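Novice: Protein chains in written order, with the numbering used here: chain E, 1 to 146; chain W, 1 to 146.
Below is a structure I'd like to ask you about.
2 protein chains.
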Amino acid sequence: MTAGEVDVAVETRLTSVEQRYTAKRRVLVEILRRSTRPLTMPEMLEQGDGLAQSSVYRNMVVLEQAGVVRRIVTGDEFARFELAEDLTGHHHHHLVCTSCGAVADFIVPQEIEDLLESALVGVAEAHEFAVDGHRLDLSGLCRRCR
Amino acid sequence: MTAGEVDVAVETRLTSVEQRYTAKRRVLVEILRRSTRPLTMPEMLEQGDGLAQSSVYRNMVVLEQAGVVRRIVTGDEFARFELAEDLTGHHHHHLVCTSCGAVADFIVPQEIEDLLESALVGVAEAHEFAVDGHRLDLSGLCRRCR
DNA sequence: ATTTATGCAAATCGTTTGCAAACCT
DNA sequence: AGGTTTGCAAACGATTTGCATAAAT
Numbered sequence: 001m002t003a004g005e006v007d008v009a010v011e012t013r014l015t016s017v018e019q020r021y022t023a024k025r026r027v028l029v030e031i032l033r034r035s036t037r038p039l040t041m042p043e044m045l046e047q048g049d050g051l052a053q054s055s056v057y058r059n060m061v062v063l064e065q066a067g068v069v070r071r072i073v074t075g076d077e078f079a080r081f082e083l084a085e086d087l088t089g090h091h092h093h094h095l096v097c098t099s100c101g102a103v104a105d106f107i108v109p110q111e112i113e114d115l116l117e118s119a120l121v122g123v124a125e126a127h128e129f130a131v132d133g134h135r136l137d138l139s140g141l142c143r144r145c146r
Numbered sequence: 001m002t003a004g005e006v007d008v009a010v011e012t013r014l015t016s017v018e019q020r021y022t023a024k025r026r027v028l029v030e031i032l033r034r035s036t037r038p039l040t041m042p043e044m045l046e047q048g049d050g051l052a053q054s055s056v057y058r059n060m061v062v063l064e065q066a067g068v069v070r071r072i073v074t075g076d077e078f079a080r081f082e083l084a085e086d087l088t089g090h091h092h093h094h095l096v097c098t099s100c101g102a103v104a105d106f107i108v109p110q111e112i113e114d115l116l117e118s119a120l121v122g123v124a125e126a127h128e129f130a131v132d133g134h135r136l137d138l139s140g141l142c143r144r145c146r
């Protein structure tokens with residue numbers, strides 16, 4: 001999606017939750033849109049000029065509730081944020097380095113995704129669980145740490 | 001594995017990291033062995049009679065480093081712990097409730113696991129990443145919350 | 001006897017929250 | 001104006017840590 005298309009979609013989602021698409025929120029969304037991996041709070045603060053830490057945290061809650069961003073919690077010190085997959089169009093997963101905490105994106109062949117998806121549907125039913133997504137992470141050592 | 005077999009394996013692993021298999025640690029391992037799902041700190045404190053909170057946290061670090069337990073971090077307030085898979089013999093995944101934080105175990109057909117595993121090997125190589133495990137979670141609403 | 005584990009209480013630190021000023025409509 | 005968002009500083013809470021005592025070898 002182009003920046004413009006993302007903006008329109010974000011605006012729609014925020015509106016549907018009675019929230020405004022403010023200048024600060026635009027900055028945050030744009031920062032995430034440009035990134036090829038989830039970003040930590042310090043990373044977002046560094047790139048967003050003069051944004052207060054508390055505002056970023058608060059806006060992430062709002063954006064998360066509106067379905068605009070996704071929060072990634074690993075064992076690392078910081079949570080990470082990325083744009084929701086349906087805004088980027090790229091279904092992906094994460095490589096998590098157990099040494100430095102770095103998180104990178106990766107994708108698996110569509111064929112595998114489909115098999116997995118169908119297997120998970122059955123599992124969810126058996127457990128009477130209303131699934132709204134799955135998460136597949138690889139953990140290990142990244143190039144720099146190994 | 002029986003309680004006895006687990007104990008032997010745990011002792012070996014602790015020894016190899018120059019750690020002792022103390023009474024408190026035995027209690028913690030036994031609590032985890034009996035559970036069919038990962039346990040939070042409050043849950044472990046409740047079941048372990050008179051264990052100090054700090055000791056449990058400290059022992060979890062030791063047991064984790066020895067490869068005896070695995071730490072599960074979700075978006076929930078507490079981390080959760082379970083016995084390492086090679087001590088239970090059951091490779092499994094987690095259903096995570098986004099409302100109450102509950103975590104339940106599930107398994108997927110071996111055939112799917114195998115396909116997934118081989119796909120992930122390729123991904124890891126492409127990213128020059130030294131994989132030591134994968135994590136597949138389903139998120140959604142559990143029976144009680146939906 | 002010397003090292004290691006434990007309990008208690010205090011410290012840490014990412015994240016959340018209260019409040020007054022700035023902003024939008 | 002009336003309500004929302006922002007920045008600052010203080011509060012929160014899960015986890016960690018310092019230190020004195022207890023346990024293990």
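Don't be surprised by glycine CBs; every beta carbon is placed ideally from N, CA and C.
What you are looking at is a predicted structure, and each value in this text was computed from that prediction instead of being measured.
Using 7 Å as the threshold, is the C-beta distance between E:R13 and E:G67 below it?
Specialist: yes
Novice: By the DSSP assignment, the alpha helix (DSSP H) with W:A124 in it spans what residues?
Specialist: 110 to 126
Novice: So which residues of chain W does E:E128 contact, with C-beta pairs closer than 9 Å?
Specialist: Chain-ordered, the chain W residues with CB closer than 9 Å to the CB of E:E128 read C142, R143, R146.
Novice: Could you give the distance in angstroms between the alpha-carbon of W:C100 and the alpha-carbon of W:T88?
Specialist: 26 Å
Novice: Applying a beta-carbon distance threshold of less than 7 Å, which residues of chain E neighbour W:P38?
Specialist: Within 7 Å Cβ-Cβ: nothing; W:P38 doesn't reach chain E, min ~14 Å.
Novice: If we call anything under 7 Å between Cβ atoms a contact, is W:R58 one with W:V103?
Specialist: no
Novice: In this structure, does DSSP put E:L63 in helix, strand or coil?
Specialist: helix
Novice: Please look up how many angstroms separate the CB atoms of W:E111 and W:H91, rounded, as I've assumed it's under 8 Å.
Specialist: No, W:E111 and W:H91 are not in contact; Cβ-Cβ is about 13 Å, not under 8 Å.
Novice: Just to confirm the assignment, what range does the alpha helix (DSSP H) spanning E:S148 have?
Specialist: In the structure displayed, chain E extends from 1 to 146; residue 148 of chain E sits before or after that span and is not available.
Novice: Which partner residues does W:L95 have in the DSSP bridge list?
Specialist: Per DSSP, the beta-bridge partners of W:L95 are W:A104, W:L138.
Novice: Would E:L136 count as contacting chain W if we go by Cβ distances under 7 Å?
Specialist: Taking CB atoms only, E:L136 has a neighbour in chain W less than 7 Å away.
Novice: Please return the same chain residues whose Cβ sits closer than 8 Å to the Cβ of W:R71, not counting the five positions on each side in sequence.
Specialist: Here the set comprises M60, E64, A79, R80, F81.
Novice: Mind listing the chain E neighbours of W:G182? Cutoff is C-beta to C-beta under 8 Å, in chain order.
Specialist: In the structure displayed, chain W extends from 1 to 146; residue 182 of chain W sits before or after that span and is not available.
Novice: Can you check whether the C-beta of W:V121 is within less than 7 Å of a C-beta belonging to chain E?
Specialist: no
Novice: Taking 7 Å as the threshold (beta carbon to beta carbon), is W:V68 in contact with chain E?
Specialist: no
Novice: Restricting to Cα atoms, I'd like to know which of W:Y21, W:S54, W:T40, W:L51 is closest to W:T74.
Specialist: With distances taken between Cα atoms, W:T74 lies closest to W:T40.
Novice: Within the same chain, show all residues whose beta-carbon is closer than 7 Å to that of E:S35, passing over the 5 residues directly before and after it, in chain order.
Specialist: none
Novice: Go ahead and label W:V10 buried or exposed: buried means 16 or more other beta carbons lie within 10 angstroms of its beta carbon, across all protein chains shown.
Specialist: Residue burial annotation: W:V10 is buried, with at least 16 other C-beta atoms found within 10 angstroms of its C-beta.
Novice: Assign W:G140 to buried or exposed, taking buried as 16 or more other Cβ atoms, counted over all protein chains shown, within 10 Å of its Cβ.
Specialist: buried
Novice: Could you tell me which uninterrupted beta strand (DSSP E) segments, each at least 3 residues in length, are contained entirely in the stretch 4 to 88 of chain W, listed from first to last along the chain?
Specialist: 69 to 72, 80 to 83
Novice: For a contact meaning CB atoms closer than 8 Å, what does W:I112 contact in chain E?
Specialist: In chain order: L115, L116, A119.
Novice: For W:D76 and W:C97, I'd like the C-alpha separation in whole angstroms.
Specialist: 9 Å
Novice: Name the chain W residues that come within less than 7 Å of E:F106, Cβ to Cβ?
Specialist: V123, H127
Novice: Take E:V29 and list the residues in its own chain whose beta-carbon comes closer than 6 Å to its own, dropping the five residues that flank it on each side.
Specialist: V10
Novice: Under the rule that 16 or more other beta-carbon atoms within 10 Å means buried, what is E:I31, buried or exposed?
Specialist: buried
Novice: Could you name the residues of the stretch 8 to 27 of chain E whose beta carbon sits closer than 9 Å to any beta carbon of chain W, in the order they occur along the chain?
Specialist: none
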